[in-house]
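Asks: Heads up, the sequence shown is in this note's numbering, so the first residue is 6 and it goes up one at a time. No residue lacks a Cβ here, since even glycine has one placed at the ideal position from N, Cα and C. Because the structure is a prediction, the values reported are computed rather than measured.
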Amino acid sequence: MEHPENSSEYAGLQVNSGVEQPSIINPYLRRMRQRRQELPAGEMVEGILKGNTTILSQAVTLVESVNPQHQAKAQEVIAKCLPYSGKSIRVGISGVPGAGKSTSIDAFGIHVLKEYGGRLAVLAIDPSSERTKGSILGDKTRMEKLAVHPDSFIRPSPTAGSLGGVARKTRETIILCEAAGYDKIFVETVGVGQSETACHSMVDFFLLLQVAGTGDELQGIKRGIMEISDGIVINKCDGDNVDRCHMAATNFRNALHFFPASESGWMPKVLCYSGFFGTGIKEIWDMIYEYVSFTRQNGYFDYRRNEQAKYWMYETINEQLRLSFYNNPVIKAQLQGAEQAVLEGRQTSFVAAQNLLDRYLLEVRSQQ
Numbered sequence: 006m007e008h009p010e011n012s013s014e015y016a017g018l019q020v021n022s023g024v025e026q027p028s029i030i031n032p033y034l035r036r037m038r039q040r041r042q043e044l045p046a047g048e049m050v051e052g053i054l055k056g057n058t059t060i061l062s063q064a065v066t067l068v069e070s071v072n073p074q075h076q077a078k079a080q081e082v083i084a085k086c087l088p089y090s091g092k093s094i095r096v097g098i099s100g101v102p103g104a105g106k107s108t109s110i111d112a113f114g115i116h117v118l119k120e121y122g123g124r125l126a127v128l129a130i131d132p133s134s135e136r137t138k139g140s141i142l143g144d145k146t147r148m149e150k151l152a153v154h155p156d157s158f159i160r161p162s163p164t165a166g167s168l169g170g171v172a173r174k175t176r177e178t179i180i181l182c183e184a185a186g187y188d189k190i191f192v193e194t195v196g197v198g199q200s201e202t203a204c205h206s207m208v209d210f211f212l213l214l215q216v217a218g219t220g221d222e223l224q225g226i227k228r229g230i231m232e233i234s235d236g237i238v239i240n241k242c243d244g245d246n247v248d249r250c251h252m253a254a255t256n257f258r259n260a261l262h263f264f265p266a267s268e269s270g271w272m273p274k275v276l277c278y279s280g281f282f283g284t285g286i287k288e289i290w291d292m293i294y295e296y297v298s299f300t301r302q303n304g305y306f307d308y309r310r311n312e313q314a315k316y317w318m319y320e321t322i323n324e325q326l327r328l329s330f331y332n333n334p335v336i337k338a339q340l341q342g343a344e345q346a347v348l349e350g351r352q353t354s355f356v357a358a359q360n361l362l363d364r365y366l367l368e369v370r371s372q373q
């Protein structure tokens, strides 16, 4: 349709016809909908052994999936990668929120890659929302230097409401990363209690990050977490906080003397450092390598690895039994009725649970 403004009676006015408006449908929609081709287990293992990070990420996704088919494929990949694993140094890093875990991992990682070479994998466990079940998975954004380093691999994983499950998947991810050639593994915990024990059961050295100058320093001296720590580091030792950090380090050293000696024979050290300025990092890594050398000489390093493998065997049995129980069709049909009986006071929780377990065991026997 012609614009009336272009008529000769309107001198000096002219309106162009304009450009053709693009379609409201995304032209790349069909291309985006194309599903990524899934590699067979054999090709996936081959890609992992070559150090292909894309294929490694796909394998980790399979490990984290709850789909039974994905789990079966993931276990096949893990079994084939297992002979190539076990040649790394696994370091667990924990601390209260705000202690600087992600910043410290970024500083530690850059230092160890620069001074010792090799490849580094960072496995971060991120807490999930109890309401939405979602996770931010933003740890990678706080590791600015490691995120762009060619020899690093950062993989955040959500707890998804199951700490034991994600811990098991993290251990399986460690096997995949070691098979891919990563000789240094960092495992960052959620930092809220039980996760520390799960992390301790899959690493060689457990590092606890603390901060000073935040109030009552005795709050950081907790027996459970202190007993499993192989090293304690006071972060943010810079500026006006230096004296407080050294005072806190003295308190931690004094507290460690009241704890029983560890099985390894190693006496945990307490160091101060600044993640912001990068001071004291060398001393921390000297401590870690001294611990590894010490435990390898007295045989505790291999003993701990074997104990961890046995521990995760039993943990896997417990989880598989739990999944088998809740996925049983008979239990699914009776579970809501038992729950209603408990809520109405017709049965106690213990009686209802025992009845369900007896019914499950009867069902299992009938299938044999």
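Please confirm whether residue 285 and residue 294 have their CB atoms less than 7 Å apart.
Replies: Locating residue 285 in the sequence shown gives position 280, counting from the first residue. Locating residue 294 in the sequence shown gives position 289, counting from the first residue. No, the pair does not count as a contact, with Cβ atoms beyond the cut-off.
Asks: Would you kindly work out how many angstroms separate the C-alpha atoms of residue 350 and residue 340, rounded to a whole number?
Replies: Translated into positions along the sequence shown, residue 350 becomes position 345. Translated into positions along the sequence shown, residue 340 becomes position 335. So the alpha carbons of these two residues sit roughly 16 Å apart.
Asks: For residue 92, which residues from the same chain have a beta carbon less than 7 Å from its beta carbon, with the 5 sequence-adjacent residues on both sides left out?
Replies: Residue numbering aside, residue 92 sits at position 87 when the sequence shown is read from its first letter. Same-chain partners within the cutoff: 183 and 188.
Asks: Could you give the first and the last residue of the continuous alpha helix (DSSP H) run that contains residue 276?
Replies: To locate residue 276, count along the sequence shown from 1; it is residue 271. No alpha helix (DSSP H) contains residue 276, which is instead part of the beta strand (DSSP E) from 274-277.
Asks: In three-state DSSP terms, what is residue 124?
Replies: Mapped onto the sequence shown, residue 124 falls at position 119. Residue 124: coil per DSSP, three-state reduction.
Asks: DSSP three-state label for residue 52, please.
Replies: Numbered from its first residue, the sequence shown carries residue 52 at position 47. Here residue 52 sits in helix by DSSP.
Asks: Which residue comes first and which comes last in the beta strand (DSSP E) that contains residue 237?
Replies: Numbered from 1 along the sequence shown, position 232 holds the residue referred to as residue 237. Counting along the chain, the beta strand (DSSP E) containing residue 237 begins and ends at 236-240.
Asks: Which class does residue 119 belong to by DSSP, given the choice of helix, strand or coil?
Replies: Taking the first residue of the sequence shown as position 1, residue 119 is located at position 114. In the structure shown, residue 119 sits in a helix (DSSP, three-state: H, G or I).
Asks: Please determine if the stretch 249-256 and the stretch 210-217 are in contact, where contact requires at least 3 C-beta pairs separated by less than 8 Å.
Replies: Taking 8 Å as the limit for Cβ pairs, the verdict is that the stretch 210-217 does touch the stretch 249-256.
Asks: Report the three-state DSSP secondary structure of residue 351 (helix, strand or coil).
Replies: Position 346 of the sequence shown, counted from the first residue, corresponds to residue 351. Looking at residue 351 - three-state DSSP - the assignment turns out to be coil, as it is neither helix nor strand.
Asks: Kindly list the residues whose CB is nearer than 7 Å to the CB of residue 76, restricted to its own chain and excluding five residues on each side of it in sequence; keep chain order.
Replies: To locate residue 76, count along the sequence shown from 1; it is residue 71. Cβ within range, chain order: 70.
Asks: Is residue 250 near the ligand ZN, with its Cβ less than 6 Å from a heavy atom?
Replies: Looking for the ligand ZN in the displayed structure turns up nothing, as the structure carries no ligands at all.
Asks: Using the C-alpha atoms, what's the distance from residue 275 back to residue 287?
Replies: Working through the sequence shown from its first residue, we reach residue 287 at position 282. Working through the sequence shown from its first residue, we reach residue 275 at position 270. The straight-line gap from Cα to Cα measures roughly 14 Å.
Asks: Taking Cβ to Cβ, would you say residue 68 is nearer than 7 Å to residue 177?
Replies: In the sequence shown, residue 68 corresponds to position 63, counting from 1. In the sequence shown, residue 177 corresponds to position 172, counting from 1. Against a cut-off of 7 Å, the Cβ pair of residue 177 and residue 68 comes out as a contact.
Asks: Identify, in the order they occur along the chain, each residue of the same chain with its Cβ nearer than 6 Å to the Cβ of residue 179, setting aside the five sequence neighbours on each side.
Replies: Position 174 of the sequence shown holds residue 179. Within the same chain, residue 179 has close Cβ partners 190.
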